Structures are given as C-alpha cells and as structure tokens.
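In our numbering, the protein residues as written are 69 to 284.
So the structure is just underneath, and the comments pick up after that.
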Ligand SMILES: Cc1cc2nc3c(=O)[nH]c(=O)nc-3n(C[C@H](O)[C@H](O)[C@H](O)COP(=O)(O)OP(=O)(O)OC[C@H]3O[C@@H](n4cnc5c(N)ncnc54)[C@H](O)[C@@H]3O)c2cc1C
C-alpha cells in the first residue's frame, strides 16, 4: 500500500484518474463474463486503456507514453488491481514487454512494436515459464540457434497470459548452454504466425477470460 504522503501531486492525480477509469469504464459484466470463460480476451478493456492514454505510462511521450516514473505506474497498477488478476495481467504486460523493447530494442523495433502497444491495441505477451518450471529463469531450456541472419527457436512455454490473443510474444531462449547462467538467455520478439502454436488454454482460476495458454 502506498501512502498518500509518499505520492507526488502528479501521482495522486493519476491515482484518481485510474480509479475513475476502473469505476466508470469497466463494466462488472465484463468481469463476470471473463470468470465464466465466455470471452477469450478483454479486447474492449485494452481499447479503453489506449483511448484514455493509460497504456505505457512509463514510456517516453515520443512513443505515445506519458513519460512518468515507475512509481506512478505502480500507483496505477494498484488501482487496476482491484479488478482482479486477469485484468491486472492484461494491464502490466505493456510494461513488462515494453520495457525490454524500450531499453534494448532498436529504433525500428520501437516504432514497429512499442508504439502500437502504447497508442493502439496491439497485444504483447510474455513467454518465459516452461513446463519444467518458471522460477529458475536462467535454466530455461528453450533453445535458440543462429542460422545465417535468423534464429530458430525450439521449445515450449506455458502459463502465457493472453496466448490466444497475442500479436507477438517476448520469448526467452537459451543461445549458449555453456555460458554462465546470466549470459545464456536472450529475448526474441516472435510474431504470431506459422510455427507458433497456442496449444492448451488452461482456464486458470483468476485468469479466466484472458486465454492463458501453452506455446509450442
Ligand atoms: C497470474 C499469473 C500470470 C502469469 N503469467 C505468465 C505469463 O504471461 N508468461 C509466462 O511465461 N509465465 C506466466 N506466469 C507463470 C509464472 O512466471 C510462474 O508461475 C513462476 O515463474 C513460477 O514458476 P512455476 O509456476 O513453474 O513454479 P516452480 O518454478 O515449479 O516453483 C514451484 C514451487 O517451488 C518453489 N521453488 C522453486 N525453485 C526453488 C528453489 N530453488 N528453492 C526453493 N524453492 C523453490 C517456488 O517458490 C514454488 O513455490 C504467470 C503466473 C501467474 C500466477
């Protein structure tokens, strides 16, 4: 819980704005339909976030963000969090995937992937966890082989929120099993398409309505 005294005026205003958004823009029926697994992904929630400029709060204005510090984003997450885990995950994914793109991506990648997940309704998702487990991040067994100027990725990922709806995934793969753990893993942007299959959609308690699935 963040106390008011720790927040800047800008953060308090953002908190009030997001609280109004949660109250006025997200119908209770959406949450009920998600819990009954009647919808595959909360597209309308993402569209409303984009319309209200609430995707990518932490990213620079030049990509459509608000250029706010991460502390402000946490304030917003706390408010969105009252809607439950499913919409909370849908909200934070722009930050999780976007941060990697913003810090490590090329300008071309930022234009192609970062801007549309902030200003538009493009859906980014993260594929980190594997059937063998998720806590041991550097032990990921998905292999990435360089083949000329492309990489070939082989492996499986599970518990991927929004797997069915995603336009692209941030996939973590091992490029060199002999390297020290912290140098083994690279992140790849993988667009949905041939060779990327969503196999099993779990219906996880609390995550229903977001199409959580396994990626093979
Ligand atoms: C709401 C939600 C959304 C998620 N969304 C995504 C997503 O979008 N994409 C994605 O890739 N993953 C996602 N995940 C998966 C998440 O990243 C994994 O659940 C997490 O990394 C833990 O992995 P695991 O579930 O395989 O558990 P494991 O790694 O198998 O761990 C099982 C248990 O063993 C304990 N444990 C593990 N290693 C050790 C150790 N060395 N010493 C002591 N104890 C240990 C853990 O604390 C845990 O209690 C999501 C999970 C949740 C709950």
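Here a beta-carbon is modelled for each residue, glycine too, at the ideal position from N, C-alpha and C.
Bear in mind that the values here come from a model prediction, so they are computed numbers and not experimental data.
Could you please give the first and the last residue of the uninterrupted alpha helix (DSSP H) stretch that includes residue 270?
-> Looking at the DSSP string, residue 270 is not in any alpha helix (DSSP H), and its letter there is neither H nor E.
Rounded C-alpha distance that separates residue 210 from residue 223 | 4 Å
Measure the alpha-carbon distance for residue 266 versus residue 154 and round it to whole angstroms.
-> 18 Å
Evaluate residue 76 with the Cβ neighbour count: other Cβ atoms within 10 Å of its Cβ, from every protein chain shown; 16 or more gives buried, anything less gives exposed.
-> exposed
In terms of residues, what are the limits of the beta strand (DSSP E) holding residue 81?
-> That residue, residue 81, is in no beta strand (DSSP E); its alpha helix (DSSP H) goes 77–93.
Classification of residue 214 by the beta-carbon crowding that lies within 10 angstroms, buried from 16 upward | exposed
Check whether the Cβ atoms of residue 268 and residue 277 sit closer than 7 Å, and answer yes or no.
-> no
Which stretch, first to last residue, makes up the alpha helix (DSSP H) that contains residue 251?
-> 249–252
Taking residue 126 as the reference, which of 164, 110, 162, 137 has the closest Cα?
-> 137
Say the cut is 6 Å; is the CB of residue 194 nearer than that to a heavy atom of ligand 1?
-> yes
beta-carbon residue 227 near ligand 1 non-hydrogen atom, thresh 6 Å = yes
What's the C-alpha gap between residue 181 and residue 241?
-> 19 Å
Grouping DSSP H, G and I as helix and E and B as strand, with all else coil, what is residue 191?
-> coil
Quick one: give me the first and last residue of the beta strand (DSSP E) that residue 237 is part of.
-> 236–242
Beta strand (DSSP E) containing residue 228: first to last residue?
-> 225–228
Residue 265 - DSSP class collapsed to helix/strand/coil = coil
Kindly indicate which three-state DSSP category residue 142 falls into: helix, strand or coil?
-> helix
At a cut-off of 6 Å, is residue 203 close to ligand 1 when judged by its beta-carbon and the heavy atoms of the ligand?
-> yes
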